[in-house]
Amino acid sequence: MDTLDALLREARPLPGHRPWPRYAVTADQWRAAGALPARGDCTLVSLWGQGAPLTPAVHLALHEEARGRLVVLSLDCPAGRFPSLAAACPPAARLERAVHDLFGLAPQGAPDARPWLDHGRWGISAPLGAREPAARRPANDYAFLPAEGESLHQIPVGPVHAGIIEPGHFRFTANGETVVRLEERLGYVHKGIDGLLAGAGLAQAARLAGRVSGDSTVAYALAFAQAVEAASGAAVAPRAVWLRALMAELERLANHFGDIGAVCNDAAFAIMHANWSMLREQVLRAAAACFGHRLMMDCIVPGGVAGDLDAAGATRLRELVAALRPRFLELVDVNDNSPSLLERTVGTGILKPELARRFGAGGFVGRASRREMDARKRPGYAPYDELAFEMPVLNSGDVNARLWVRVQEVRHSLALIEQLLASLPPGPLPPATPIAVSAPAEGAALVEGFRGDVFAWVRLEAGGRVARCHLRDPSWFQWPLLEAVIEGNIVADFPLCNKSFNCSYSGHDL
Amino acid sequence: MNALLVQGSQMLLVLALAPLLTGWVRKVKARLLRRRGASVWQPYRDLLRLLRKEAVVADSASWLFRVAPYLIFSAIWVAAALVPTFAINLIFSWSADLIAIVALLGSARFFLALAGLDVGTSFGGIGASREMMIAPLAEPAMIMIVFTLSLLAGSTQLSSIVAYMIGPEVGLRISVAMSLVALVMVALAENARIPVDNPATHLELTMVHEAMVLEYSGRHLAMIEAAASLKLLLYVSLIAAIFTPWGMAAAGQGLGHYLVGGVAYLGKLAAGGFLLALFETSIAKMRVFRVSQFLSAALMLGLLAVLLLFVSRNL
Numbered sequence: 001m002d003t004l005d006a007l008l009r010e011a012r013p014l015p016g017h018r019p020w021p022r023y024a025v026t027a028d029q030w031r032a033a034g035a036l037p038a039r040g041d042c043t044l045v046s047l048w049g050q051g052a053p054l055t056p057a058v059h060l061a062l063h064e065e066a067r068g069r070l071v072v073l074s075l076d077c078p079a080g081r082f083p084s085l086a087a088a089c090p091p092a093a094r095l096e097r098a099v100h101d102l103f104g105l106a107p108q109g110a111p112d113a114r115p116w117l118d119h120g121r122w123g124i125s126a127p128l129g130a131r132e133p134a135a136r137r138p139a140n141d142y143a144f145l146p147a148e149g150e151s152l153h154q155i156p157v158g159p160v161h162a163g164i165i166e167p168g169h170f171r172f173t174a175n176g177e178t179v180v181r182l183e184e185r186l187g188y189v190h191k192g193i194d195g196l197l198a199g200a201g202l203a204q205a206a207r208l209a210g211r212v213s214g215d216s217t218v219a220y221a222l223a224f225a226q227a228v229e230a231a232s233g234a235a236v237a238p239r240a241v242w243l244r245a246l247m248a249e250l251e252r253l254a255n256h257f258g259d260i261g262a263v264c265n266d267a268a269f270a271i272m273h274a275n276w277s278m279l280r281e282q283v284l285r286a287a288a289a290c291f292g293h294r295l296m297m298d299c300i301v302p303g304g305v306a307g308d309l310d311a312a313g314a315t316r317l318r319e320l321v322a323a324l325r326p327r328f329l330e331l332v333d334v335n336d337n338s339p340s341l342l343e344r345t346v347g348t349g350i351l352k353p354e355l356a357r358r359f360g361a362g363g364f365v366g367r368a369s370r371r372e373m374d375a376r377k378r379p380g381y382a383p384y385d386e387l388a389f390e391m392p393v394l395n396s397g398d399v400n401a402r403l404w405v406r407v408q409e410v411r412h413s414l415a416l417i418e419q420l421l422a423s424l425p426p427g428p429l430p431p432a433t434p435i436a437v438s439a440p441a442e443g444a445a446l447v448e449g450f451r452g453d454v455f456a457w458v459r460l461e462a463g464g465r466v467a468r469c470h471l472r473d474p475s476w477f478q479w480p481l482l483e484a485v486i487e488g489n490i491v492a493d494f495p496l497c498n499k500s501f502n503c504s505y506s507g508h509d510l
Numbered sequence: 511m512n513a514l515l516v517q518g519s520q521m522l523l524v525l526a527l528a529p530l531l532t533g534w535v536r537k538v539k540a541r542l543l544r545r546r547g548a549s550v551w552q553p554y555r556d557l558l559r560l561l562r563k564e565a566v567v568a569d570s571a572s573w574l575f576r577v578a579p580y581l582i583f584s585a586i587w588v589a590a591a592l593v594p595t596f597a598i599n600l601i602f603s604w605s606a607d608l609i610a611i612v613a614l615l616g617s618a619r620f621f622l623a624l625a626g627l628d629v630g631t632s633f634g635g636i637g638a639s640r641e642m643m644i645a646p647l648a649e650p651a652m653i654m655i656v657f658t659l660s661l662l663a664g665s666t667q668l669s670s671i672v673a674y675m676i677g678p679e680v681g682l683r684i685s686v687a688m689s690l691v692a693l694v695m696v697a698l699a700e701n702a703r704i705p706v707d708n709p710a711t712h713l714e715l716t717m718v719h720e721a722m723v724l725e726y727s728g729r730h731l732a733m734i735e736a737a738a739s740l741k742l743l744l745y746v747s748l749i750a751a752i753f754t755p756w757g758m759a760a761a762g763q764g765l766g767h768y769l770v771g772g773v774a775y776l777g778k779l780a781a782g783g784f785l786l787a788l789f790e791t792s793i794a795k796m797r798v799f800r801v802s803q804f805l806s807a808a809l810m811l812g813l814l815a816v817l818l819l820f821v822s823r824n825l
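Protein chains in written order, with this note's numbering: chain Z, 1 to 510; chain V, 511 to 825.
1) Between the region 226-243 of chain Z and the region 293-308 of chain Z, are three or more C-beta pairs nearer than 8 Å?
2) Taking the alpha-carbon positions, what's the Phe-621/V to Ser-572/V distance?
3) What number of angstroms, rounded off, separates the C-alpha of Tyr-768/V from the C-alpha of Gly-757/V?
4) Looking at the secondary structure, which residues open and close the beta strand (DSSP E) in which Leu-309/Z lies?
5) With C-beta atoms as the reference, is Leu-742/V less than 9 Å away from Asn-701/V?
6) Sort out for me which residues DSSP pairs Glu-150/Z with in a bridge.
7) Against chain Z, does Ala-568/V count as a neighbour if the rule is that its beta carbon must be under 9 Å from one of theirs?
8) Looking at the unbroken alpha helix (DSSP H) that takes in Trp-276/Z, where does it start and where does it end?
9) For Thr-595/V, does the count of other Cβ atoms within 10 angstroms reach 16, so buried, or fall short, so exposed?
10) Taking a contact to mean a Cβ-Cβ separation below 9 Å, would you say Leu-805/V touches Ala-648/V in this structure?
11) Is it true that the CB of Arg-344/Z sits closer than 9 Å to the CB of Leu-496/Z?
12) Buried or exposed for Gly-507/Z, please, with buried defined as at least 16 other CB atoms from any protein chain shown within 10 angstroms of its CB.
13) Using a threshold of 9 Å, state whether the C-beta atoms of Leu-75/Z and Ala-467/Z are closer than that.
14) Over the uninterrupted beta strand (DSSP E) stretch that includes Phe-170/Z, give me the two end residues.
15) Nearest chain Z C-beta to Thr-754/V closer than 9 Å, yes or no?
16) Please list the segments of the alpha helix (DSSP H) lying wholly inside the region 306-375 of chain Z, counting only runs of 4 or more residues, in order along the chain.
17) Taking all protein chains shown into account, decide if Val-798/V is buried (16 or more other Cβ within 10 angstroms of its Cβ) or exposed.
18) Is the number of C-beta pairs between the region 445-464 of chain Z and the region 27-40 of chain Z that are closer than 8 Å three or more?
19) Secondary structure at Ala-93/Z, three-state DSSP: helix, strand or coil?
20) Look at the Cβ atom of Leu-429/Z, then the Cβ atom of Gly-258/Z, and state whether they are nearer than 9 Å.
21) Let me know the secondary structure DSSP gives Arg-703/V once reduced to three states.
22) Taking a Cβ distance cut-off of 8 Å, strictly less, list which residues of the region 129-161 of chain Z are near chain V, in chain order.
23) Just mark Ile-749/V as buried or exposed, buried being the case when its beta carbon has 16 or more other beta carbons within 10 Å.
24) Curious, which full-length alpha helix (DSSP H) runs of at least 4 residues does the region 369-444 of chain Z contain?
25) Comparing the C-beta of Phe-264/Z with each C-beta of chain V, is any distance below 9 Å?
26) Using a Cβ-Cβ cut-off of 9 Å, state whether Ala-388/Z counts as contacting chain V.
27) So, helix, strand or coil for Ala-61/Z, using DSSP?
28) Under the rule that 16 or more other beta-carbon atoms within 10 Å means buried, what is Val-458/Z, buried or exposed?
29) Is the beta carbon of Pro-698/V sitting closer than 9 Å to the one on Pro-705/V?
30) For Leu-818/V and Ser-665/V, which I take to be in contact (beta-carbon distance under 8 Å), what is that distance rounded to the nearest angstrom?
31) At which residue ranges does the region 164-224 of chain Z contain complete alpha helix (DSSP H) runs of 4 or more residues, listed in the order of the chain?
32) Closer than 9 Å between beta carbons: that is the criterion. Which residues of the region 789-800 of chain V meet it against chain Z?
33) What's the call for Ser-670/V, buried or exposed, on a 16-neighbour Cβ count within 10 Å?
34) Under 6 Å Cβ to Cβ from Gly-772/V, same chain only, skipping five residues before and after it: list those, please.
35) Could you compute how far the alpha carbon of Cys-503/Z sits from the alpha carbon of Leu-522/V?
36) What residue does the alpha helix (DSSP H) around Arg-800/V start on, and which one ends it?
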């Protein structure tokens, strides 16, 4: 069982899971699957649980990038336990802790038994499992990992920060200015989305999925819609597929502009922040004019899109690209010719390619550290298989590289928007395909958001209600890398590293 | 009696103008970023608001924490009153020289760092330790500048230095140019401006000055904010008095001259504030450990200027 193929030959395939297969595995096969990512054969995509009224089980999604295929492995846990994979596959650690907190399924032999999302404020344990009453724990009842030595001191930061950002706690152990260890504590924005999604109707579920992380609302809505369409076999009109891609690229543009500006701002380079913010604002206004919402929230629905793009809208987008490109190139030039900025970004917060690969880091975080992964290319989805674009990959893995990958992606996104507009199938747009589900069905999707690959897995009941939906943000694998990246850097450079990652709190805490 | 009145008006003038200069710098920065920005009077409103608010003090704070803001404010106010603004040879200017001004600023900094450490929070400690990394380089650089100027003018009295600089014998001197550059660098560091520190940041981990005063609130914070504004005004006035002494009146010249001096002073402040805002928007903040190199350059410039003067009085 030392390759995925060998493992799958012995596993029992389960029907009704599209577009990739799902297999039932035994505990031994589960353990063997967990050892595969460390060998570099495949990457962990996600690990999630399910609870009552479904049979308690855990699922594992693996991506074999060389062959562009995903598989989902499922292990029933009638005793409420499953073998932990975290020792062999570190990125699974926090996912397992979250499964334990939400479903009460205990990972056996886990290296870290502390709770993750459950801060002891819910009054119950395992809200999606047994729902036993639990005593509330004080906020400081959490054992941070020790760092011992003379002259080390701790700096607690958060969860409430001085700026208007999401809450998260960072515990630094530093030797003077040099960071010896950073430990994150997240879960402050847990909204119970998994619980809300279970039993929700499709329209409601799509709205919820679009609110997992506001800045990636298009990516989440798209991932959810694709998973639902895969499960139900519904076909989407080509024009709708093109419009979805247009929205996804606009979202990428807006967020990359915002991120590049924010990195400049954290280096106290205020004028560049103002300039990049203006570009972001132009994109958001165009999105509002064309699709009716600045962030394009709820514009993608299962089966299609909520509204068509009229001729005026298409013209507006063409003008947007024409206006953005020269300004963008100018600003890139300024960024690249500001020694004071480069001095801060070059060589700061280096992520080693080996770590990026082991954690399956998506998006600019992975691509700045030599990881060739873009869900638009691998496994790929429509309409990107018909479009020409490159995947920028850099080697150095520092703050500057993460900035430059974004710059390259902006360039490609601008070109993609032009291609999409040129090849947009003619209107009018047919109404969204109705989703009909006669028997329980399951679907999965991997979509490239601006941060990286967003994974969605959905199980629909007969009639179309959602029985269980799992949405995995790329930040799950980027947050732990941030801890690794800051080691040996100085405390004052953390905001810069953090902003170059720009992980989602909301998408991670669910 | 008249001399006392003029000196008194100088003391009140610096106190009254300091928040305006801060507001002006903020306004110019905002306009450069194409923001509308708050009114230039906003710092006055902020001070008033803080004075009316309750001062919340940490349980672990000692008496030092409560006393420090007043000490810092008075030390800096006295120092600012000693710097010639619209007129030289004022009555107090003979009681202390440039070295005394440096010492007053140094003691203010000492108490601020102590207050930062006093509460025992990690940010106060970080701020104090960073400030103490900056100070040992900024102070000697400042002393070198003082030496250069006093070697030229033959006195450490600011009024004498300014009188010398107005006079015809000063000419174009490389040592003066070097000390101007060095003084600007020291002023940026001392006032926690970009590229050394960012006065507008919300990022706790990158703060220097703001980290030390994080625990302050109410009237204590008002004192600290007023002191910070005064310190900025002091440095702009100092640079203006030494390097652009034009229009300055001498004591006892009469109201007309004082008025001309006052208008010239306002113009110099406005120009200084504008240049500061322009510089701050055009550059990113440097890495914390790079600050020592930046200040070493200032120290070297000051040292070179002094050495040049020993080589030849004409340089």
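The beta carbon of each residue, even a glycine, is placed where N, CA and C say it ideally should be.
So, to answer that:
1) yes
2) 13 Å
3) 9 Å
4) Unbroken run through Leu-309/Z: none, as it is neither H nor E.
5) It is a contact, given that the beta carbons lie within the stated cut-off.
6) Bridge partners of Glu-150/Z: none, in fact.
7) Interface criterion not met: the Cβ of Ala-568/V is under 9 Å from no Cβ in chain Z.
8) 270-291
9) Buried, since its Cβ has 16 or more Cβ neighbours within 10 Å.
10) yes
11) yes
12) buried
13) no
14) Where Phe-170/Z is concerned, the enclosing beta strand (DSSP E) stretches over 169-175.
15) no
16) 311-336, 339-345, 353-358 and 363-367
17) buried
18) no
19) helix
20) Contact annotation: Leu-429/Z and Gly-258/Z have beta-carbon atoms that are not nearer than 9 Å.
21) coil
22) His-153, Gln-154, Ile-155, Pro-156, Val-157 and His-161
23) It is buried - the Cβ of Ile-749/V has at least 16 other Cβ atoms within 10 Å.
24) 399-422
25) According to the sequence displayed, residue 264/Z carries Cys and not Phe. Yes - at least one Cβ of chain V is within 9 Å of the one on Cys-264/Z.
26) Ala-388/Z does not count as touching chain V.
27) strand
28) buried
29) The sequence shown places Leu at residue 698/V, rather than the Pro named in the question. Yes; because the gap between Cβ atoms is below 9 Å, this pair is in contact.
30) Contact doesn't hold; Cβ gap of about 19 Å is too wide.
31) 193-197 and 202-209
32) Glu-790, Thr-791, Ser-792, Ile-793, Ala-794, Lys-795, Met-796, Arg-797, Val-798, Phe-799 and Arg-800
33) buried
34) Here the set comprises Phe-596.
35) Roughly 51 Å between the two C-alpha positions.
36) 800-821 is the span of the alpha helix (DSSP H), which, as asked, contains Arg-800/V.
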